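Notes follow the structure.
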Amino acid sequence: MTTDLVQLTYQGPIATIVLNRADKLNALNSEMLTALEAYAHELDCNQDVRVVLLAATGRAFCVGADIFEWSDLTPLEMGRRWIRDGHRIFTRYARLPQPVIAVLNGYTFGGGLELALAADLRLAAAGAQLSFPEVKLGVIPGWGGTQRLTQLIGPSRAKQMIFSGERVAAEQAEAWGLVNEAVPADQLAGRALGLAKTIAANGPVAVQMTKQLIDSASPAAGDNAAVLESIAGSLASYTADAQEGVSAFRQRRQPQFSGR
Ligand code: COA
Numbered sequence: 322m323t324t325d326l327v328q329l330t331y332q333g334p335i336a337t338i339v340l341n342r343a344d345k346l347n348a349l350n351s352e353m354l355t356a357l358e359a360y361a362h363e364l365d366c367n368q369d370v371r372v373v374l375l376a377a378t379g380r381a382f383c384v385g386a387d388i389f390e391w392s393d394l395t396p397l398e399m400g401r402r403w404i405r406d407g408h409r410i411f412t413r414y415a416r417l418p419q420p421v422i423a424v425l426n427g428y429t430f431g432g433g434l435e436l437a438l439a440a441d442l443r444l445a446a447a448g449a450q451l452s453f454p455e456v457k458l459g460v461i462p463g464w465g466g467t468q469r470l471t472q473l474i475g476p477s478r479a480k481q482m483i484f485s486g487e488r489v490a491a492e493q494a495e496a497w498g499l500v501n502e503a504v505p506a507d508q509l510a511g512r513a514l515g516l517a518k519t520i521a522a523n524g525p526v527a528v529q530m531t532k533q534l535i536d537s538a539s540p541a542a543g544d545n546a547a548v549l550e551s552i553a554g555s556l557a558s559y560t561a562d563a564q565e566g567v568s569a570f571r572q573r574r575q576p577q578f579s580g581r
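In this note's numbering, the protein residues as written are 322 to 581.
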């Protein structure tokens, strides 16, 4: 990857992605989106990775999409590229086989919150602030925010957050179920790593299947048919019948299925 603005490191079975544009409070630009997408692909293919941490340098997790970049786009560029890029890339994180934990400090605003919502779990530093300020700019949270936030905390609180643009403190976010835990700031990194290690020590196939099953219950995150296909596909490929079917194809003969 040719950018330093997003970094991926490995510590045993734990992968950590770090947003590294601290001077701009990690506002997401195209270069960062491209890196995030490439890393999602790398993580998806890496079966040695059991948990992904999504964190950031500096005094914010991420203050959202880079206003200076998207505000120069034409409406069609916005719809055809910018919005679709965000949907595609954030959904790649939501659908990673491994659990993803977002580690939130300082500000988590707009597109930053949408990225955090694509994670499975969110830990936040006490005092951290979360918000969707888009309507203050006359735009909307268009990278999945209206859907994933509503799914997570319900329409009433989602509307309050999005209509008002008000900031929600980590402690309130915890009470709403928007973050899993609000943790003293100096313990955040340690708690995130500890939780990642706990999950990584568990059976990876079991953990990954439960992620798929839980997501299948959620219209915003899940795709029931895809989950069923992947689990049924795994089981079917493991049967004696599948072995026989492939052997018969290779040997140019009719298969003799046993139903096992
Ligand atoms: N896009 C691009 N750049 C951003 C940004 C964004 N969303 N948010 C902050 N920045 C940049 C600032 O322009 C500034 O850059 P500069 O030093 O080159 O001028 C730098 O990040 C630091 O921001 P600054 O506003 O000086 O910090 P602050 O502590 O005074 O305020 C915020 C922090 C988060 C309250 C304020 O930056 C803010 O409101 N940002 C916009 C958040 C937003 O609307 N997000 C949704 C976007 S759709």
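Cβ coordinates follow ideal geometry from the N, Cα and C atoms, glycine included. This one's a predicted model, so the numbers in the text were calculated from it and none came from an experiment.
What is the DSSP secondary structure of residue i, counted as helix, strand or coil?
| i | result |
| --- | --- |
| ILE474 | helix |
| ALA348 | coil |
| GLU502 | strand |
| VAL489 | strand |
| TYR559 | coil |
| ALA381 | strand |
| ALA496 | helix |
| PRO418 | coil |
| ARG342 | coil |
| THR355 | helix |
| ASN523 | coil |
| GLN572 | coil |
| ASP507 | helix |
| PRO396 | helix |
Does at least one heavy atom of the ligand COA sit under 7 Å from the Cβ of residue i?
| i | result |
| --- | --- |
| PRO396 | no |
| PHE484 | no |
| TYR360 | no |
| ASP507 | no |
| LEU346 | yes |
| GLY465 | no |
| ALA490 | no |
| ALA343 | no |
| GLY385 | yes |
| TYR428 | yes |
| ILE388 | yes |
| GLY379 | no |
| GLU435 | no |
| PRO454 | yes |
| GLY432 | yes |
Quick one: is residue i buried, meaning 16 or more other Cβ sit within 10 Å of its Cβ, or exposed?
| i | result |
| --- | --- |
| SER558 | exposed |
| CYS366 | exposed |
| SER477 | exposed |
| ALA547 | exposed |
| ASP387 | buried |
| ALA440 | buried |
| ARG380 | exposed |
| LEU556 | exposed |
| THR429 | buried |
| ILE520 | buried |
| ILE335 | buried |
| ASN523 | exposed |
| LEU444 | buried |
Using DSSP bridges, identify the partner residues of residue i.
| i | result |
| --- | --- |
| GLU363 | Its beta-bridge partners do not exist; DSSP assigns none. |
| TYR331 | ALA336 |
| THR429 | CYS383, LEU451 |
| ARG443 | ALA423 |
| VAL372 | ILE335 |
Is residue i near the ligand HEM, going by C-beta to nearest heavy atom under 7 Å?
| i | result |
| --- | --- |
| VAL460 | Absence of the ligand HEM from the depicted structure is noted, with the ligand COA being the only ligands included. |
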